[in-house]
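Note that the sequence shown covers residues -13 to 485 in this note's numbering. Just so you know, even glycine gets a beta-carbon here, dropped at the ideal spot from N, CA and C.
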Amino acid sequence: MKPEKLMEKLKGVLGSSYKIYPDSMKQVDGAMFLLAKKDKEKLLVVIGPSNVTGAFSGEYVGEVELKETKEKSKVKISERNHKNLMVLRKLLPWLNPSPCGKRSSFGTGDRLGIATPAHVKAFEGKKCFPFLAQQSVREMSRTGRNWVSVLDDTLWGVFESGYEGPFGADADHVKTIDDLKAAIVAGYTMFTIDPSDHVVDPKTVEKPMAEQIYSELDKEHGFSSRYLGKVYEIGDKKYTFEEDSLREVVITYGKAIDHVEDCYRLLKSENPNPFDLEVSVDETSTPTTPLAHIFIAEELKRRDIEFANLALRFVGEWQKAIDYIGNLNLLDDTLAEHSAIAKAFGPYKLSLHSGSDKFSAYPVFAKHVNDLFHVKTAGTSYLEAIRVVARRNPKLYRRVHDFALQRFETDKASYHVTTDLSKIPDLLEVPDTKLEKLLDEPNTRQVIHITYGSVLTAKGSDGKYLFRDELYETLCDYEREHYEQVTSHIRKHMELLGL
Ligand SMILES: [Zn+2]
């Protein structure tokens, strides 16, 4: 039966209060699945024989002919909950994430859990593997989400979009074994191990302590006999581990690599499915030197740790939600070295974190990593959502903005930013029509970007959310506009990356 004809018949059963998402309509084995919205709630509609509809919880609302045979199929309205999604994932296998391997990829984190259809659209026609689910432990702790709810939100978004291609799910910045175990159980396909709790800044430890760390690690791994005096010729550069430089990288990264190894062994034993591994040392106080990069890559290789991506701390400032701050020529030179090392030891992908809005740095990055890279964004999609709120619900935006300013000092802990609050215009002097322009001002961007957790979870004395419900409602009312805003902003990233 033609989709238009079926839609007509369905409308007859569902009534005019339901809005059907036509892209979501999927027909499998004599049954049909689609997403519909009633008032502000999105619901799963299952049509088919009772052995299919019976597997979902929900309410039967009528019957409709799926085929021309006049045979009637039952229509069931089901909630978008985890249980129903698990049934749906078995029937529509493309709703399951898969590993990426060594292809260029791009991560679109979604703090609100409603942007996936917009993200999917951004990838259209781009030669790039999408990581549609991607949240870090820090993000989830701020928004009150967990591995399962993040993945579920993403998969419902994939279903809504009708997308049937591959995509990954990145458990981002996993620091502890417990968090890793939970991510494995939830079915993630990429694990980004962040060993930063085990990275030691040699400048901050007393000399005897540093000595002790070095000698213990050296005794265990024989670093001095392995590396001292060893020369690496990579590209047109020569790198040598001298006494001091070896000591420095061992003290800094020695324990961190041990932690990565522990995580990897756990993944190998407890995760039955193929997966991507990313090692991220991007959140360190100083940039990763080429020698440190060689040490990390060499050690991961020596321990048979198969990794797809390595996230380094590159030179310059990679602050949240604003463009790159730093010397692009220096970035150019150091990226040339790092990508030569990644090719020599891998090839593996260099992964760029805090990739939101680094527009001036993308062409430089793309020049060196050309076909093998990973980029992560998250906050920028949230900011585009807030831009729609500023445009469509200025009163709400003003409240969010004032609250964000109050929360900023507290919330900025664990983020590295140099925000200057004095540069943010006084809201009383900004007319409604100019509010969204504030989201182009770097300091305002950072304040809004960093306070997302407080904004999304703050409750009043009556126990009700201060902003959350109204934010989601506004974005639901202007859903298409929200999607378009996010899609075009993510595509801007991709285009500057040469995709
Ligand atoms: Zn990171």
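Shorter than 7 Å, the distance from the beta carbon of residue 339 to the closest heavy atom of ligand 1, or not? By one-based count along the sequence shown, residue 339 stands at place 353. Flag set: Cβ of residue 339 near ligand 1.
May I ask you to report which of helix, strand or coil DSSP gives residue 471? One-based indexing of the sequence shown puts residue 471 at position 485. Correct three-state label for residue 471: helix.
Do the CB positions of residue 476 and residue 119 come within less than 8 Å of each other? Mapped onto the sequence shown, residue 476 falls at position 490. Mapped onto the sequence shown, residue 119 falls at position 133. Not in contact: residue 476 and residue 119 (Cβ atoms no closer than 8 Å).
Residues in its own chain within less than 8 Å of residue 316 by CB, not counting five upstream and five downstream? Along the sequence shown, one-based indexing puts residue 316 at 330. Taken in chain order, the residues that qualify are 301, 302.
Distance between beta carbons of residue 51 and residue 58, contact taken as under 8 Å: Mapped onto the sequence shown, residue 58 falls at position 72. Mapped onto the sequence shown, residue 51 falls at position 65. Indeed, because the Cβ distance is near 6 Å, the residues count as touching under 8 Å.
Compute the minimum distance between the beta carbon of residue 264 and the heavy atoms of ligand 1, and state whether it is under 7 Å. Walking along the sequence shown from the start, residue 264 turns up at place 278. No.
Enclosing alpha helix (DSSP H) for residue 388 [first to last residue]: In the sequence shown, counting from the first residue as 1, residue 388 sits at position 402. Here the alpha helix (DSSP H) through residue 388 covers 380 to 397.
Identity of the residues DSSP links to residue 126 by a beta bridge: Counting from one through the sequence shown, the residue named residue 126 turns up at place 140. Answer by DSSP bridge pairing: none, since residue 126 is not bridged.
Start-end ranges of the alpha helix (DSSP H) lying completely within the segment 299 to 335, minimum 4 residues: Whole alpha helix (DSSP H) segments, 4+ residues: 314 to 331.
In the DSSP assignment, what residue or residues form a beta bridge with residue 265? As a first step, residue 265 is located in the sequence shown; it is residue number 279 there, counting from the start. Paired residues: 179, 296.
Quick one: using the 10 Å Cβ neighbour count with 16 as the cut-off for buried, is residue 392 buried or exposed? For the purposes of this step, residue 392 is identified with residue 406 of the sequence shown, where counting begins at 1. Under this definition residue 392 is an exposed residue.
Just to confirm the assignment, what range does the beta strand (DSSP E) spanning residue 19 have? Working through the sequence shown from its first residue, we reach residue 19 at position 33. Run containing residue 19: 17 to 24, per the beta strand (DSSP E) assignment.
Residue 180 versus 110, 132, 270, residue with shortest Cα-Cα distance: Translated into positions along the sequence shown, residue 180 becomes position 194. It is 270.
Taking the C-alpha atoms as reference points, what is the distance between residue 493 and residue 122? The question about residue 493 has no answer, for the chain in this structure spans -13 to 485.
With 16 other Cβ atoms within 10 Å as the buried cut-off, status of residue 76: For this step, residue 76 is matched to residue 90 along the sequence shown. With fewer than 16 other Cβ atoms within 10 Å, it is exposed.
Report the residue ranges of all beta strand (DSSP E) runs contained in full by the segment 191 to 249; include only those spanning at least 3 residues, in chain order. 217 to 220, 223 to 226
Taking 7 Å as the cut-off, does the CB of residue 297 come closer than this to any heavy atom belonging to ligand 3? This structure does not include ligand 3; its bound ligands are ligand 1.
Using only CA atoms, which one of 267, -1, 31 lies nearest to residue 7? Within the sequence shown, residue 7 is the residue found at index 21, counting from 1. Minimum Cα distance to residue 7 is reached at 31.
Note down, in chain order, each residue of its chain lying with its Cβ closer than 6 Å to the Cβ of residue 157, except the 5 sequence neighbours on either side. For this step, residue 157 is matched to residue 171 along the sequence shown. The answer, listed in chain order, is 169, 174, 177.
Taking 8 Å as the threshold (C-beta atoms), are residue 274 and residue 267 in contact? Your numbering for residue 267 matches position 281 in the sequence shown. Your numbering for residue 274 matches position 288 in the sequence shown. Contact flag set, yes.
Please determine whether the Cβ atom of residue 184 lies at a distance below 7 Å from any heavy atom of ligand 1. Residue 184 sits at position 198 when you count from the first residue of the sequence shown. Because no heavy atom of ligand 1 lies under 7 Å away, the Cβ of residue 184 does not count as near it: no.
What are the residues that DSSP puts in a beta bridge with residue 121? Taking the sequence shown and counting its residues from 1, one reaches residue 121 at position 135. DSSP, once it has assigned bridges, lists 157 as partnering residue 121.
Hey, how far is the Cα of residue 341 from the Cα of residue 481? Within the sequence shown, residue 341 is the residue found at index 355, counting from 1. Within the sequence shown, residue 481 is the residue found at index 495, counting from 1. Residue 341 and residue 481: Cα-Cα distance of roughly 14 Å.
So, helix, strand or coil for residue 439, using DSSP? Position 453 of the sequence shown holds residue 439. Residue state, collapsed to three classes: helix.
Which value, in whole angstroms, describes the spacing of the CA atoms of residue 455 and residue 47? Taking the first residue of the sequence shown as 1, we reach residue 455 at position 469. Taking the first residue of the sequence shown as 1, we reach residue 47 at position 61. Rounded to the nearest angstrom, the two C-alpha atoms are 29 Å apart.
Please classify residue 433 as buried or exposed, where buried requires at least 16 neighbouring CB atoms within 10 angstroms. Working through the sequence shown from its first residue, we reach residue 433 at position 447. Burial check for residue 433: the Cβ neighbour count within 10 Å reaches 16 or more, so the residue is buried.
Span of the alpha helix (DSSP H) holding residue 351? Counting from 1 along the sequence shown, the entry for residue 351 is found at position 365. First-last of the alpha helix (DSSP H) with residue 351: 348 to 355.
Closer than 7 Å to a non-hydrogen atom of ligand 1 - does that hold for the CB of residue 268? Taking the first residue of the sequence shown as 1, we reach residue 268 at position 282. Yes, Cβ of residue 268 sits closer than 7 Å to a heavy atom of ligand 1.
Do you know whose CA, among 44, 42, 360, 2, lies nearest residue 24's CA? As a first step, residue 24 must be located in the sequence shown, where it is residue number 38. Here the closest residue by C-alpha is 2.
Using the beta-carbon count (16 or more within 10 Å), is residue 68 buried or exposed? Position 82 of the sequence shown, counted from the first residue, corresponds to residue 68. Result: exposed.
Backbone CA spacing between residue 519 and residue 279 [nearest angstrom]: Residue coverage of the chain in this structure runs from -13 to 485, which leaves residue 519 outside it and unanswerable.
Range of the contiguous beta strand (DSSP E) that encloses residue 29: Mapped onto the sequence shown, residue 29 falls at position 43. Counting along the chain, the beta strand (DSSP E) containing residue 29 begins and ends at 27 to 34.
Measure the CB-CB distance between residue 489 and residue 334 and report whether it falls below 8 Å. With the chain represented from -13 up to 485, any question about residue 489 goes unanswered, as that position is not in the structure.
contact_flag[the segment 419 to 429, the segment 370 to 380] where n(CB pairs < 8 Å) is 3 or more: yes
I'd like to confirm the pairing. Which residues does DSSP put opposite residue 6 in its beta bridges? The count along the sequence shown starts at 1 and reaches residue 6 at position 20. BP columns for residue 6 point to 22.
Can we count residue 435 as close to ligand 1, meaning its CB is less than 7 Å from some heavy atom? On the sequence shown, residue 435 is found 449 positions in, with the first residue counted as 1. Residue 435 Cβ: outside cutoff for every heavy atom of ligand 1.
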